[in-house]
Amino acid sequence: MVLDLFSNLEEIGRLIGNTPILRLSRVVSSKSNVASIYLKLEYMNPGGSHKDRISYYMLKDAIESGKLREGGCVVEVSSGNTALSLAWMCVRLGLKAVFIAEADISPVKMALLRLLGVEVVKVDVSGIGDVDPRFLRARELEAKFNGLFINQFSNEANFRAHYETTAREIVDQLNGRVDAFVMGVGTGGTIAGVGKYLKEKLGRDVLVVGVVPKGSSIIHGKPVGGEYIDGLAKNVIPELFLKYRGYIDRVVEVSEGDSVGMVKMLALKEGLFVGPSTGAAVFEALKVAEELGSGRNVVTIAADSLVRYPYLL
Ligand SMILES: Cc1ncc(COP(=O)(O)O)c(C=O)c1O
7 MVLDLFSNLE
17 EIGRLIGNTP
27 ILRLSRVVSS
37 KSNVASIYLK
47 LEYMNPGGSH
57 KDRISYYMLK
67 DAIESGKLRE
77 GGCVVEVSSG
87 NTALSLAWMC
97 VRLGLKAVFI
107 AEADISPVKM
117 ALLRLLGVEV
127 VKVDVSGIGD
137 VDPRFLRARE
147 LEAKFNGLFI
157 NQFSNEANFR
167 AHYETTAREI
177 VDQLNGRVDA
187 FVMGVGTGGT
197 IAGVGKYLKE
207 KLGRDVLVVG
217 VVPKGSSIIH
227 GKPVGGEYID
237 GLAKNVIPEL
247 FLKYRGYIDR
257 VVEVSEGDSV
267 GMVKMLALKE
277 GLFVGPSTGA
287 AVFEALKVAE
297 ELGSGRNVVT
307 IAADSLVRYP
317 YLL
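Quick note on numbering: my numbering labels position 92 of the sequence shown as 98, and the sequence is numbered without any gaps.
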């Protein structure tokens with residue numbers, strides 16, 4: 007049985023990553039002095055987002071260290087994508103999944119989680135104070151089910167997954183010609199992992215830019231009732247983000263309207279179905295491309311697909 011858990015884990019690992027990267031040619035300004043923008047299509051992972059990478063890394067760590075055993079229970083706080091990635095893996099590993107989601111989780115994600123047999127606990131975070139109620143609930147449920155709260159917000163395996171896989175793939179795919187990386191910040195795992203690797207491998211002057219919704223605590227230091235872009239940090243300042251802050255050159259706010267506008271533009275002009283956090287990242291990547299000028303390469307990530315957010319259409 008124990009062998010099963012490890013061989014199932016190995017099988018999952020073989021399905022993840024090596025996602026394609028695409029040069030955006032039609033949304034980029036027609037001015038000749040603009041950098042190229044490359045979009046790594048992370049929604050091509052089997053669970054539909056970049057969170058497959060971290061879910062696999064976090065589960066592997068927990069299983070190898072003996073914190074998670076055959077028939078165990080995984081508890082997590084997630085706006086949906088990590089929940090979905092962990093959920094399909096838990097099905098294949100025979101683990102129970104109990105997840106805490108914000109009350110405004112996408113209905114599509116909610117339906118998919120139910121299909122995968124997940125117990126979803128919705129928590130209202132609108133009046134959030136110093137302590138995020140989702141984390142308190144996670145600790146309660148961890149104790150109730152004798153489970154493991156995997157906590158992507160502070161789990162080093164989240165950072166490591168992107169440092170060891172996403173970042174290396176980007177550098178290989180562009181033969182090391184990366185001048186800037188732009189990414190929406192949720193837990194901060196992607197920007198931290200990719201940012202650190204790029205600066206170590208290619209030099210400190212690779213520009214690393216984080217994107218958050220307008221009014222995010224990351225910019226304002228405390229919750230100010232900001233806008234909502236699915237997957238991006240609104241009311242929390244994640245531990246991983248703080249720990250690796252030194253690898254991030256700047257963080258900018260993008261409005262919900264601009265992110266959805268870019269989602270529509272990417273469909274119309276590039277034939278791509280991307281989620282709102284990708285819209286926000288590409289919106290900012292276009293500005294960075296103008297700033298850097300021609301002959302340079304800006305990379306960003308399509309975290310998930312528009313198919314998860316039909317209500318945006
Ligand atoms: C759709 C989407 N985009 C971007 C992010 C941000 O990724 P990270 O948590 O690595 O900062 C997330 C995280 O949940 C997400 O779900």
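We put the CB at the ideal spot given by N, CA and C, even for glycine.
Excluding the five sequence neighbours on either side, which residues of its own chain have a C-beta within less than 7 Å of the C-beta of residue i, listed in chain order?
i           : result
residue 21  : 52
residue 253 : 198, 201, 202, 205 and 214
Do residue i and residue j have their C-beta atoms within less than 9 Å of each other?
i           : j           : result
residue 314 : residue 23  : no
residue 156 : residue 81  : yes
residue 57  : residue 91  : yes
residue 76  : residue 11  : yes
residue 104 : residue 131 : no
residue 165 : residue 195 : yes
residue 95  : residue 61  : yes
residue 45  : residue 27  : yes
Using a Cβ-Cβ cutoff of less than 6 Å, which residues in the same chain neighbour residue i once the five nearest sequence positions on both sides are dropped?
i           : result
residue 67  : 163
residue 302 : 41 and 185
residue 171 : 23 and 59
residue 286 : 190, 217, 235, 260 and 265
Mark residue i as exposed unless 16 or more other C-beta atoms lie within 10 angstroms of its C-beta, in which case mark it buried.
i           : result
residue 317 : exposed
residue 140 : buried
residue 305 : buried
residue 274 : exposed
residue 241 : buried
residue 38  : exposed
residue 59  : buried
residue 214 : buried
residue 278 : buried
residue 31  : exposed
residue 310 : buried
residue 272 : buried
residue 220 : buried
First and last residue of the alpha helix (DSSP H) that includes residue i?
i           : result
residue 97  : 87-99
residue 113 : 113-121
residue 276 : 262-276
residue 294 : 282-298
Kindly indicate the opening and closing residues of the beta strand (DSSP E) around residue i.
i           : result
residue 318 : Note, residue 318: premise wrong, no beta strand (DSSP E); not H, not E.
residue 303 : 303-308
Going by DSSP, name the residue or residues bridged to residue i.
i           : result
residue 108 : 129
residue 359 : The structure shown does not extend to residue 359, since the chain is modelled only from 7 to 319, so the question has no answer here.
residue 187 : 214 and 305
residue 256 : 215
residue 80  : 103 and 154
Tell me, please, whether the CB atom of residue i is closer than 9 Å to any CB atom in chain D?
i           : result
residue 228 : As a matter of chain content, chain D is missing from the structure shown, which is built from one protein chain.
Ignore the nearest five residues each way along the sequence and tell me which others in residue i's own chain have a CB closer than 8 Å to its CB.
i           : result
residue 224 : 191, 216, 218, 239, 243, 247 and 257
residue 187 : 176, 197, 200, 201, 204, 212, 213, 214, 215, 304, 305 and 306
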